[in-house]
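Q:
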Amino acid sequence: MTAVVLGLLAGAVLMALIGNNPLSGYIYLFRGGLMSIERVGNTLATATPLILTGLSVAFAFRTGLFNIGAAGQMLIGGLCATAVGLTLTLPKPLLLTLMVAAAILGGAVWGFVPGLLKAKFNVHEVVATIMMNWISYWTVYYVVPAYFKGAYLETESRKISEAASLKVHWLTDLFGGSYVNLGFFLAVVSVIIIAFVLNRTTLGYELKAVGFNRHAAQYAGIGANRNIIMAMMIAGALAGLGGATFYVGYASNIQIGILPTQGFDGIAVALLGSNSPWGVFGAAIFFGLLHSGKGFMNAMTNIPPEIADTIIATIIYFAATSILIERNWDKLKKKVGGAK
Amino acid sequence: MKHVVEMLNIRKEFPGIVANDDISLQLRPGEIHALLGENGAGKSTLMSILFGLYQPERGTIKIHGEKADIANPNVANQLGIGMVHQHFKLVHNFTVTENIILGMETKKGIVLDIKSAAVRVGKLSEKYGLNIDPCAKIEDISVGMQQRVEIIKMLYRDAEVLIFDEPTSVLTPQEVRELMKIMRNLIAEGKSIILITHKLKEIKAIADRCTVIRRGKLIGTVNVADTSEEKLAEMMVGREVSFSVHKKECQPGEVILNIKNLSVLSSRKVMGLKNISLDVRSGEIMGIAGVDGNGQAELVEAITGMRKAEFGTIFLRETDITNMSIRDRIESKIAYIPEDRHKHGLILDYSVGDNMIMKVYLHQPFSQNGLLNSHAIREHAQRVMDQFDVRSGQGPAASARSLSGGNQQKAIVGREIYHDPELLIAVQPTRGLDVGAIEYIHKRIVEQRDNGKAVLLVSLELDEILNISDRIAIINSGELIGIVNACDVNENQVGLMMAGVKRGETA
Numbered sequence: 001m002t003a004v005v006l007g008l009l010a011g012a013v014l015m016a017l018i019g020n021n022p023l024s025g026y027i028y029l030f031r032g033g034l035m036s037i038e039r040v041g042n043t044l045a046t047a048t049p050l051i052l053t054g055l056s057v058a059f060a061f062r063t064g065l066f067n068i069g070a071a072g073q074m075l076i077g078g079l080c081a082t083a084v085g086l087t088l089t090l091p092k093p094l095l096l097t098l099m100v101a102a103a104i105l106g107g108a109v110w111g112f113v114p115g116l117l118k119a120k121f122n123v124h125e126v127v128a129t130i131m132m133n134w135i136s137y138w139t140v141y142y143v144v145p146a147y148f149k150g151a152y153l154e155t156e157s158r159k160i161s162e163a164a165s166l167k168v169h170w171l172t173d174l175f176g177g178s179y180v181n182l183g184f185f186l187a188v189v190s191v192i193i194i195a196f197v198l199n200r201t202t203l204g205y206e207l208k209a210v211g212f213n214r215h216a217a218q219y220a221g222i223g224a225n226r227n228i229i230m231a232m233m234i235a236g237a238l239a240g241l242g243g244a245t246f247y248v249g250y251a252s253n254i255q256i257g258i259l260p261t262q263g264f265d266g267i268a269v270a271l272l273g274s275n276s277p278w279g280v281f282g283a284a285i286f287f288g289l290l291h292s293g294k295g296f297m298n299a300m301t302n303i304p305p306e307i308a309d310t311i312i313a314t315i316i317y318f319a320a321t322s323i324l325i326e327r328n329w330d331k332l333k334k335k336v337g338g339a340k
Numbered sequence: 341m342k343h344v345v346e347m348l349n350i351r352k353e354f355p356g357i358v359a360n361d362d363i364s365l366q367l368r369p370g371e372i373h374a375l376l377g378e379n380g381a382g383k384s385t386l387m388s389i390l391f392g393l394y395q396p397e398r399g400t401i402k403i404h405g406e407k408a409d410i411a412n413p414n415v416a417n418q419l420g421i422g423m424v425h426q427h428f429k430l431v432h433n434f435t436v437t438e439n440i441i442l443g444m445e446t447k448k449g450i451v452l453d454i455k456s457a458a459v460r461v462g463k464l465s466e467k468y469g470l471n472i473d474p475c476a477k478i479e480d481i482s483v484g485m486q487q488r489v490e491i492i493k494m495l496y497r498d499a500e501v502l503i504f505d506e507p508t509s510v511l512t513p514q515e516v517r518e519l520m521k522i523m524r525n526l527i528a529e530g531k532s533i534i535l536i537t538h539k540l541k542e543i544k545a546i547a548d549r550c551t552v553i554r555r556g557k558l559i560g561t562v563n564v565a566d567t568s569e570e571k572l573a574e575m576m577v578g579r580e581v582s583f584s585v586h587k588k589e590c591q592p593g594e595v596i597l598n599i600k601n602l603s604v605l606s607s608r609k610v611m612g613l614k615n616i617s618l619d620v621r622s623g624e625i626m627g628i629a630g631v632d633g634n635g636q637a638e639l640v641e642a643i644t645g646m647r648k649a650e651f652g653t654i655f656l657r658e659t660d661i662t663n664m665s666i667r668d669r670i671e672s673k674i675a676y677i678p679e680d681r682h683k684h685g686l687i688l689d690y691s692v693g694d695n696m697i698m699k700v701y702l703h704q705p706f707s708q709n710g711l712l713n714s715h716a717i718r719e720h721a722q723r724v725m726d727q728f729d730v731r732s733g734q735g736p737a738a739s740a741r742s743l744s745g746g747n748q749q750k751a752i753v754g755r756e757i758y759h760d761p762e763l764l765i766a767v768q769p770t771r772g773l774d775v776g777a778i779e780y781i782h783k784r785i786v787e788q789r790d791n792g793k794a795v796l797l798v799s800l801e802l803d804e805i806l807n808i809s810d811r812i813a814i815i816n817s818g819e820l821i822g823i824v825n826a827c828d829v830n831e832n833q834v835g836l837m838m839a840g841v842k843r844g845e846t847a
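Right, dumping it as structure tokens:
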């Protein structure tokens, strides 16, 4: 929370420095994300993939692994979902189920490989997941033009049919025509499941034990290798699901040559949410709000939209150094108290 | 007489407890002053105040009779106070000299001048008989040598007062003797020493005076020469302590653990254990004596499954467990109190409750169908904590990290014994604990033996081995030198065997 406040303050200073009124800037920024039911929907839609990638990174963190490959897992998940959506013609519920399952499976495979490499050959997961990012990047680069070429552009896939979209009429209507889609509910369910797994199950107990202290886990007879692979698969599956919510929910086709930024933003979301599932949820919604409000702020004032990105970056910075800040704050309080 | 350091009426509070309550300590020039107290008595807090890590709420500190305000460790350094920490603060891939000058590098222009620093380190080493190679890398030298590097670090900064925080807890008996020699050299050269410890033998061996604190309160300062170990122990614990363990006659039963021709690779990829055969019966304590690093770790890890056996077999009763998984061995009722309680014994970030189910979380009632039962876990932990006198601020919900070392160890001992093992392996079960806790843990281990369990005890403390074992196996360089009955031997004989001299041979 301190980080958020400090980040917003820093943003205010920046706005003032370039000659704008920070107060009105923020009013427009938040109004841009919240002023109508449609904009609230868009905020949630923007936050949806962030919830899932953040959850992916946070889950891996809790088990002592740094999943920097959420981007690649998300992209491959999106590709799998798109491929199923463009190939099969089925009733909507069945088709969506298959697409989501394909996305989860794709992401899980993308997490499984680094997990296996780490467990068997002690290859560091940061290296392996970064390489997996590029494998999925080039896979999309090849597969999309070869099999799912768009009607006008070589660089993107065909649009998926309405039956294959996570957008549904009742939800779109409810939110006044916004982008919000079923993916948001999938994300919420994922948060609940992950929170449950981490805190209440033997699987979570084992995973966290390996994350906290590999040696003690081994001593207790918990197989570290099996848990590393399992953790990476679950992390990958979450990011893969995030890919489905983005490419067949928020958007309706997939472009080549782009690694989704949400994958990397997931690291920031996990950090700000201090790696707890509900913390991640809150952090992702907040980031979604800033993202969806910045356009409105830009339109109504002279403040460039990059200020919102700067605020996000500053918040991440403060979140990363929050321990330092708190310690100094305590010291300051003590000094002031001592002077009295 | 003028004092080098005077700490007068020091009071320090932490949230919830008074760590130091009106404590005074006066250090005379050229003396070794022991600071004695149980774990958590407030020794470290008091010394941290002297070293500038904490600020006292009340009380004054005088250095050479002048009032000093020690705001941080740098001030302490300038005043000539140096501390050798229990856990060394060294950079492992740096050389001795590089570690010593870290923070006050000598320079020639803008280039580091390691050479002249190394010369000075060499001179200091010679002067105090430290026998250290200034150019050796830290990772290549023994723990005892690393400690000496810490000592030189203080001397290099012209420290007059040296604080040693539990310096012998990481050393072998030989290294302890060496350290004592070094401390005497330091005194002869006019330094003064404060020795934090809870080992009474050491105090008797080397200290001039001793200040005892208990639960944050000053009990008194005594001349060591006029006091007995028993008296010191009583002052520290607050009641009479028995040193010898009362044991019933040993009644060995059937063979529980049977090791045949076992050879194990050490982490340095050489044979750490060579062709050892050994058995442990029910109702007996088999002690493993040996200098650290002579195959104890390999032996224990091969039995528990943490390390692979290269040759030979291990049987638990009639079952061959040589290649069993760790979990299966746990299930066949091998309990293991590991040497390193932070690395292996506990998950420090877990609560005490979660730590207590580390080996049984898959069993009912702790979990069912993959779901944990937090109520059962809490109750189980509470029972273990009650039975084994584990004290924590918030019961089973407290994080394992927040417990004192003694309570952490009691928790591990409790967890392992509570599972009702057939074979109990205890490695250094009382390492770094105070006499009260040691007495308690010994009692519980002997109790296991009296209940007909087989106990394998590995310890570097020869006293411990001699006191509670029924039979003693002595190992040296990974080889079994001999197995003797504990009642037939004395410290000297075992000591010789530890050095590799077989029984019957003349030394």
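Going down the list, the sequences are from chains A and B.
Numbering-wise (my numbering), the first sequence opens with residue 1 and increments by one.
Numbering-wise (my numbering), the second sequence opens with residue 341 and increments by one.
Glycine is no exception: its CB is placed at the ideal position from the N, C-alpha and C atoms.
At a CB distance below 7 Å, what residues from the segment 210–225 of chain A approach chain B? Give them in sequence order.
A: Residues of the segment 210–225 of chain A with a C-beta less than 7 Å from any C-beta of chain B: F212, N213, H215, A216, Q218, Y219, A220 and G221, listed in chain order.
Q: Under the three-state reduction of DSSP, which class applies to K320 of chain B: helix, strand or coil?
A: Outside the shown range of chain B, which is 341 to 847, sits residue 320 of chain B, and nothing can be said about it.
Q: Using 10 angstroms around the beta-carbon of W110 of chain A, count the other beta-carbons present and answer buried if the total reaches 16, otherwise exposed.
A: Within the first sequence, the letter at position 110 stands for residue 110 of chain A. Buried, since its Cβ has 16 or more Cβ neighbours within 10 Å.
Q: Straight-line CA distance for I256 of chain A to L29 of chain A?
A: One-based indexing of the first sequence puts residue 256 of chain A at position 256. One-based indexing of the first sequence puts residue 29 of chain A at position 29. When rounded, the distance between both Cα atoms is 31 Å.
Q: Should P355 of chain B be labelled buried (16 or more other beta-carbon atoms within 10 Å of its own) or exposed?
A: Along the second sequence, read from residue 1 onward, the residue named residue 355 of chain B stands at position 15. With fewer than 16 other Cβ atoms within 10 Å, it is exposed.
Q: Alpha carbon to alpha carbon, how far is G242 of chain A from W170 of chain A? Give it in angstroms, no decimals.
A: Here the question's residue 170 of chain A lines up with position 170 in the first sequence. Here the question's residue 242 of chain A lines up with position 242 in the first sequence. Distance between W170 of chain A and G242 of chain A, taken at the CA atoms: about 22 Å.
Q: Alpha carbons only, please: which of A:A108, A:A237 and A:A308 is nearest the one belonging to L14 of chain A?
A: One-based indexing of the first sequence puts residue 14 of chain A at position 14. Residue A:A308 is the option with its Cα nearest to L14 of chain A.
Q: Quick check: the segment 52–66 of chain A against the segment 266–273 of chain A, are at least 3 beta-carbon pairs closer than 8 Å?
A: yes
Q: Can you find at least 3 beta carbon pairs, one from the segment 288–303 of chain A and one from the segment 233–252 of chain A, that sit closer than 8 Å?
A: no
Q: Pull up the distance between the alpha-carbon of Q749 of chain B and that of I135 of chain A, whole angstroms please.
A: The residue labelled residue 749 of chain B in the question sits at position 409 within the second sequence. The residue labelled residue 135 of chain A in the question sits at position 135 within the first sequence. Rounded to whole angstroms, Q749 of chain B to I135 of chain A spans 49 Å at the Cα level.
Q: DSSP beta-bridge partners for D619 of chain B?
A: Here the question's residue 619 of chain B lines up with position 279 in the second sequence. D619 of chain B pairs with B:N598.
Q: Under 6 Å Cβ to Cβ from A262 of chain A, same chain only, skipping five residues before and after it: list those, please.
A: Residue 262 of chain A sits at position 262 when you count from the first residue of the first sequence. First, the residue type needs correcting, since residue 262 of chain A is Gln and not Ala in the sequence shown. Excluding residues up to 5 positions away in sequence, P49, L50 and T53 lie with their Cβ nearer than 6 Å to the Cβ of Q262 of chain A in the same chain.
Q: Need the endpoints of the beta strand (DSSP E) that C550 of chain B sits in, please.
A: Position 210 of the second sequence, counted from the start, is the residue given in the question as residue 550 of chain B. Per DSSP, C550 of chain B belongs to the beta strand (DSSP E) from R549 to R554.
Q: Within its chain, find whatever has a CB closer than 8 Å to the CB of E479 of chain B; leave out the 5 residues flanking it on each side and keep chain order.
A: Position 139 of the second sequence, counted from the first residue, corresponds to residue 479 of chain B. Around E479 of chain B: H432 and N433.
Q: Just to check my reading of the structure: L763 of chain B and L656 of chain B have Cβ atoms closer than 8 Å, yes? What is that Cβ distance to the nearest angstrom?
A: On the second sequence, residue 763 of chain B is found 423 positions in, with the first residue counted as 1. On the second sequence, residue 656 of chain B is found 316 positions in, with the first residue counted as 1. Indeed they touch by this definition, with Cβ atoms about 7 Å apart.
Q: Going by the CB atoms, is the gap between G754 of chain B and V775 of chain B shorter than 8 Å?
A: In the second sequence, residue 775 of chain B corresponds to position 435, counting from 1. In the second sequence, residue 754 of chain B corresponds to position 414, counting from 1. For V775 of chain B and G754 of chain B, no; Cβs fall outside 8 Å.
Q: Could you pull out every residue in the same chain whose Cβ sits closer than 6 Å to the Cβ of A416 of chain B, ignoring the five residues on either side in sequence?
A: Counting from one through the second sequence, the residue named residue 416 of chain B turns up at place 76. Correct list, in chain order: F391, G392 and I410.
Q: Over the uninterrupted alpha helix (DSSP H) stretch that includes K383 of chain B, give me the two end residues.
A: In the second sequence, residue 383 of chain B corresponds to position 43, counting from 1. K383 to L390 is the extent of the alpha helix (DSSP H) around K383 of chain B.
Q: Inspect the CB distances between the segment 658–670 of chain B and the segment 625–633 of chain B and report whether three or more fall short of 8 Å.
A: no
Q: Taking the continuous beta strand (DSSP E) assigned at Y141 of chain A, which residues delimit it?
A: The sequence position of residue 141 of chain A within the first sequence is 141, counting from 1. That residue, Y141 of chain A, is in no beta strand (DSSP E); its alpha helix (DSSP H) goes E125 to Y147.
Q: Quick check on this structure: which residue in B:G370, B:G405 and B:I401 has the alpha carbon closest to the alpha carbon of G342 of chain B?
A: By one-based count along the second sequence, residue 342 of chain B stands at place 2. The sequence shown places Lys at residue 342 of chain B, rather than the Gly named in the question. The candidate whose alpha carbon is nearest that of K342 of chain B is B:G405.
Q: So which residues of chain A does R667 of chain B contact, with C-beta pairs closer than 9 Å?
A: Taking the first residue of the second sequence as 1, we reach residue 667 of chain B at position 327. The answer, in chain order, is A220, G221, I222 and G223.
Q: Any heavy atom of the ligand ADP closer than 7 Å to the CB of L88 of chain A?
A: The ligand ADP is absent from the structure shown, which contains no ligands of any kind.
Q: State yes or no: is the C-beta of P705 of chain B within less than 8 Å of the C-beta of A721 of chain B?
A: Taking the first residue of the second sequence as 1, we reach residue 705 of chain B at position 365. Taking the first residue of the second sequence as 1, we reach residue 721 of chain B at position 381. At a Cβ-Cβ threshold of 8 Å, P705 of chain B and A721 of chain B do not count as neighbours.
Q: Quick one: grab the DSSP three-state call for H373 of chain B.
A: Within the second sequence, numbered from 1, the residue matching residue 373 of chain B stands at position 33. It is a strand residue.
Q: For G792 of chain B, which residues from the same chain have a beta carbon less than 6 Å from its beta carbon, with the 5 sequence-adjacent residues on both sides left out?
A: Taking the second sequence and counting its residues from 1, one reaches residue 792 of chain B at position 452. Within the same chain, Cβ atoms closer than 6 Å to the Cβ of G792 of chain B are found at S622 and G623, the five residues on either side in sequence being excluded.
Q: Would you list the residues sitting across from M837 of chain B in a DSSP beta bridge?
A: To locate residue 837 of chain B, count along the second sequence from 1; it is residue 497. DSSP, once it has assigned bridges, lists no residue as partnering M837 of chain B.
Q: Counting along the chain, where does the alpha helix (DSSP H) carrying T48 of chain A start and finish?
A: Position 48 of the first sequence, counted from the start, is the residue given in the question as residue 48 of chain A. It spans I37 to R62 - the alpha helix (DSSP H) in which T48 of chain A sits, taken as one unbroken run.
Q: Buried or exposed, going by whether 16 or more other CB atoms sit within 10 Å of the CB of S165 of chain A?
A: Here residue 165 of chain A corresponds to residue number 165 of the first sequence, with the count starting at 1. Classification of S165 of chain A: buried, given that the 10 Å Cβ count is 16 or more.
Q: Ignore the nearest five residues each way along the sequence and tell me which others in A339 of chain A's own chain have a CB closer than 8 Å to its CB.
A: Within the first sequence, numbered from 1, the residue matching residue 339 of chain A stands at position 339. Per-residue confidence for A339 of chain A stands at a pLDDT of 45, beneath the threshold of 50, marking its modelled position as unreliable; no derived number is given.
Q: Distance, Cα to Cα, V767 of chain B vs L800 of chain B?
A: Along the second sequence, one-based indexing puts residue 767 of chain B at 427. Along the second sequence, one-based indexing puts residue 800 of chain B at 460. Taken atom to atom, the span from the alpha-carbon of V767 of chain B to that of L800 of chain B is near 9 Å.
Q: Check the Cβ-Cβ distances between G271 of chain A and every residue of chain B, and say whether any is below 8 Å.
A: Working through the first sequence from its first residue, we reach residue 271 of chain A at position 271. Inspection of the sequence shows that residue 271 of chain A is occupied by Leu rather than by Gly. By the rule that beta-carbons nearer than 8 Å mark a contact, L271 of chain A does not touch chain B.
Q: Listed in chain order, which residues of the segment 186–203 of chain A have Cβ atoms closer than 7 Å to some Cβ of chain B?
A: R200, T201, T202 and L203
Q: So if DSSP puts D505 of chain B in a beta bridge, which residue, or which two residues, is it bridged to?
A: Residue mapping note: residue 505 of chain B aligns to position 165 of the second sequence, counting from 1. Paired residue(s): B:I536.
Q: I need the straight-line Cα distance from L96 of chain A to A163 of chain A, nearest angstrom please.
A: Along the first sequence, one-based indexing puts residue 96 of chain A at 96. Along the first sequence, one-based indexing puts residue 163 of chain A at 163. So the alpha carbons of these two residues sit roughly 8 Å apart.
Q: Kindly indicate the opening and closing residues of the beta strand (DSSP E) around T653 of chain B.
A: Locating residue 653 of chain B in the second sequence gives position 313, counting from the first residue. It spans A649 to L656 - the beta strand (DSSP E) in which T653 of chain B sits, taken as one unbroken run.
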